[in-house]
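For reference, the structure discussed in these notes is given below.
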Ligand code: ZN
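Numbering (this note's numbering), first residue to last: 2 to 243.
See the structure below:
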């Protein structure tokens, strides 16, 4: 099966559409959470996702927009964007987000928005944090989002350590025999210095993981954000991918 792996769309419809146009054939979509928050088109991104054969997790921004997480854990800019999102969400969008869980356990792939240990909050961005998380899931592989940085953490059981690999990943990555935690990066707000939308294709039969980057009309999203009075800092960061 070919699976389109996406995460952290953050209501950036232009980026999401670019990913869907660019992606090769897929049978299913696995979305790792944060469909909303920061960006200007929360309801439209949810509707687009719901039109696809998919599984999705809830992220911290999704839960915050429902009032299921305290906004005081957000910085001031994220909080104001989230309050705007709360006012925009339709009843159908709220019901959909409320139906999502922050983790899903599978035999081969576990999915977690942030980390298996702390599915809402932990940033897996270093090898030590990743290493500690391997004992918190039992499947060979775990897919996470949240950091907005594409990465692979491979477990070296003999040396009791983890190896971190960062983009670019020009070739498909063969999964196994080592266990791994993998982040496809963010569709709607990349933070690794590359402003292009990030996604991945997983072949569950061949066990290969191919990262992709795709340009999208950033200025359209920025213009939509400006029109809604969303914070300038959030508008600016899309242009630099930080
Ligand atoms: Zn996010």
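Where is the CB? At the ideal position from N, CA and C, for every residue including glycine.
Between the CA atoms of residue j and residue i - distance to the nearest angstrom
{"i": "residue 163", "j": "residue 212", "result": "20 Å"}
{"i": "residue 228", "j": "residue 218", "result": "16 Å"}
{"i": "residue 62", "j": "residue 123", "result": "14 Å"}
{"i": "residue 106", "j": "residue 60", "result": "16 Å"}
{"i": "residue 129", "j": "residue 49", "result": "37 Å"}
{"i": "residue 58", "j": "residue 104", "result": "6 Å"}
{"i": "residue 170", "j": "residue 89", "result": "37 Å"}
{"i": "residue 161", "j": "residue 168", "result": "24 Å"}
{"i": "residue 233", "j": "residue 40", "result": "12 Å"}
{"i": "residue 203", "j": "residue 100", "result": "25 Å"}
Pick from the options that is closest to residue i, judged by C-alpha positions
{"i": "residue 80", "options": "38, 102, 46, 215", "result": "38"}
{"i": "residue 3", "options": "198, 83, 133, 30", "result": "30"}
Contacting residues, own chain, Cβ-Cβ under 6 Å from residue i (five flanking each side not counted)
{"i": "residue 10", "result": "17, 36, 46, 188, 189"}
{"i": "residue 115", "result": "121, 122, 123, 147"}
Pair within 9 Å by beta-carbon distance, residue i and residue j
{"i": "residue 83", "j": "residue 144", "result": "no"}
{"i": "residue 125", "j": "residue 78", "result": "no"}
{"i": "residue 165", "j": "residue 201", "result": "no"}
{"i": "residue 194", "j": "residue 8", "result": "no"}
{"i": "residue 176", "j": "residue 156", "result": "no"}
One or two residues paired with residue i in a DSSP bridge
{"i": "residue 56", "result": "31"}
{"i": "residue 3", "result": "204"}
{"i": "residue 164", "result": "155"}
{"i": "residue 105", "result": "112"}
{"i": "residue 213", "result": "200"}
{"i": "residue 143", "result": "111, 182"}
Residues of its chain near residue i, where Cβ-Cβ distance is below 8 Å and the 5 sequence neighbours each way are ignored
{"i": "residue 68", "result": "87"}
{"i": "residue 108", "result": "140"}
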